[in-house]
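Student: Numbering (the working numbering), first residue to last: 309 to 552.
Ideal Cβ placement from N, Cα and C applies to all residues, glycine included.
Pasting in a structure now, in structure tokens, and then I'll have a few things to ask.
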């Protein structure tokens with residue numbers, strides 16, 4: 309597509325969506341659903357507070373709120389940015405003009421909030437669904453094609469997870485017919501953030517496995533109790549001496 313001219317963007321059109329996007333992304337959907345069912349997804353399975361880890365503990369129906377919630381965080385952040393920036397879109401709904409930077413910034417902020425949530429001790433997930441939800445605002449036709457690809461691949465592979473992975477990784481290519489190359493590069497940058505989160509999680513898991521086990525608690529309690537017993541015996545001896 310022909311590159312669009314660069315349009316000045318007011319600071320408020322970026323700052324407000326970034327703050328709002330981060331707060332939206334910080335809602336710990338998986339943690340809330342997990343705790344409602346008696347567990348913390350950050351302490352079980354692959355320790356990722358996301359849909360796949362929660363579904364590994366529950367059935368698909370019980371985990372569906374996590375899927376919807378994480379997806380909607382990206383969508384809501386993008387819609388907020390679109391509203392603040394004057395809703396500049398193309399004929400098929402794809403962002404353009406002065407709305408491009410605010411929408412991308414808001415979706416990126418929502419992903420950062422999901423990764424390091426303000427409301428869950430900065431221990432968050434890997435942002436895949438939040439990114440996908442943001443793409444529904446960035447480029448609706450690419451998102452729609454992605455849903456079709458998800459369904460077709462999922463049916464062919466008999467695996468929803470496989471279909472979802474293929475659809476997400478195909479989004480930049482699906483966006484290319486509808487948006488300038490610079491915007492597609494922005495989508496690639498958001499996907500690079502997801503890759504960095506996966507790498508960070510892998511390093512953290514490797515460090516956790518290398519960590520030596522903590523000392524056994526019973527021996528520690530025994531060691532702490534000896535001074536008390538010695539003090540008790542000394543006190544008893546002094547009392548006996550006074551009585552004598």
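Are at least three pairs of beta-carbons, each pair with one atom in the segment 425-436 and one in the segment 478-487, less than 8 angstroms apart?
Tutor: Cβ pair count under 8 angstroms is below three, so no.
Student: Could you check whether the segment 389-398 touches the segment 406-423, counting it as contact only if at least three pairs of C-beta atoms, one from each stretch, sit closer than 8 angstroms?
Tutor: Touching, yes, given that three or more Cβ pairs across the two stretches are closer than 8 angstroms.
Student: With a threshold of 8 angstroms, are at least 3 pairs of Cβ atoms found where one atom belongs to the segment 414-421 and the other to the segment 324-339?
Tutor: Yes: the two stretches touch, three or more of their Cβ pairs being nearer than 8 angstroms.
Student: Between residue 400 and residue 349, how many whole angstroms is the CB-CB distance? I'm expecting something under 8 angstroms.
Tutor: In fact, because the Cβ distance is near 37 angstroms, the residues do not count as touching under 8 angstroms.
Student: Suppose contacts are defined by Cβ-Cβ distances below 8 angstroms. Is residue 445 in contact with residue 403 by that definition?
Tutor: Yes, Cβ-Cβ distance for residue 445 and residue 403 is below 8 angstroms.
Student: Spatial neighbours of residue 364 within its chain, please: C-beta separation below 6 angstroms, excluding the five flanking residues on both sides.
Tutor: Cβ neighbours of residue 364 beyond the five flanking positions: 353.
Student: I'd like the ranges of any alpha helix (DSSP H) spanning at least 4 consecutive residues and lying wholly in the segment 468-519.
Tutor: Here the runs fully enclosed are 468-483 and 489-518.
Student: Considering Cα atoms alone, identify which of 513, 473, 490 and 488 is closest to residue 502.
Tutor: Closest option to residue 502, Cα to Cα, is 473.
Student: Following the continuous alpha helix (DSSP H) through residue 378, name the residue where it begins and the one where it ends.
Tutor: It spans 368-392 - the alpha helix (DSSP H) in which residue 378 sits, taken as one unbroken run.
Student: Could you check the C-alpha separation between residue 498 and residue 427 for me, to the nearest Å?
Tutor: Between residue 498 and residue 427, the C-alpha separation is close to 22 angstroms.
Student: According to DSSP, what are the bridge partners of residue 403?
Tutor: Answer by DSSP bridge pairing, in chain order: 397.
Student: Would a C-beta distance cut-off of 8 angstroms place residue 383 and residue 441 closer than the cut-off?
Tutor: In contact: residue 383 and residue 441 (Cβ atoms closer than 8 angstroms).
Student: Can you give the Cα-Cα distance for residue 372 and residue 362, rounded to whole angstroms?
Tutor: Rounded to whole angstroms, residue 372 to residue 362 spans 9 angstroms at the Cα level.
Student: Excluding the 5 residues flanking residue 325 on each side, which residues of the same chain have their C-beta closer than 8 angstroms to its C-beta?
Tutor: Within the same chain, residue 325 has close Cβ partners 385, 388, 389, 392, 393, 410, 411, 413, 414 and 417.
Student: Hey, residue 259 and residue 471: beta-carbon distance below 8 angstroms or not?
Tutor: Since the first residue shown for the chain is 309 and the last is 552, residue 259 is missing from the structure and cannot be characterised.
Student: DSSP on residue 347, reduced to helix/strand/coil?
Tutor: Looking at residue 347 - three-state DSSP - the assignment turns out to be coil, as it is neither helix nor strand.
Student: From residue 367 to residue 343, what distance separates their C-alpha atoms?
Tutor: Rounded to the nearest angstrom, the two C-alpha atoms are 15 angstroms apart.
Student: Quick one: give me the first and last residue of the alpha helix (DSSP H) that residue 365 is part of.
Tutor: Start and end: 359-365.
Student: Return no unless some Cβ of chain B is closer than 8 angstroms to the Cβ of residue 409.
Tutor: This model lacks chain B altogether, as it is built from one protein chain only.
Student: Go to residue 411, then tell me how far its alpha helix (DSSP H) extends in each direction, as first and last residue.
Tutor: 408-423 is the extent of the alpha helix (DSSP H) around residue 411.
Student: Specify, as a first and last residue, the run of the alpha helix (DSSP H) that residue 325 falls within.
Tutor: Unbroken alpha helix (DSSP H) run through residue 325: 319-333.
Student: Between the beta-carbon of residue 447 and the beta-carbon of residue 487, is there less than 8 angstroms?
Tutor: Going by C-beta atoms, residue 447 is nearer than 8 angstroms to residue 487.
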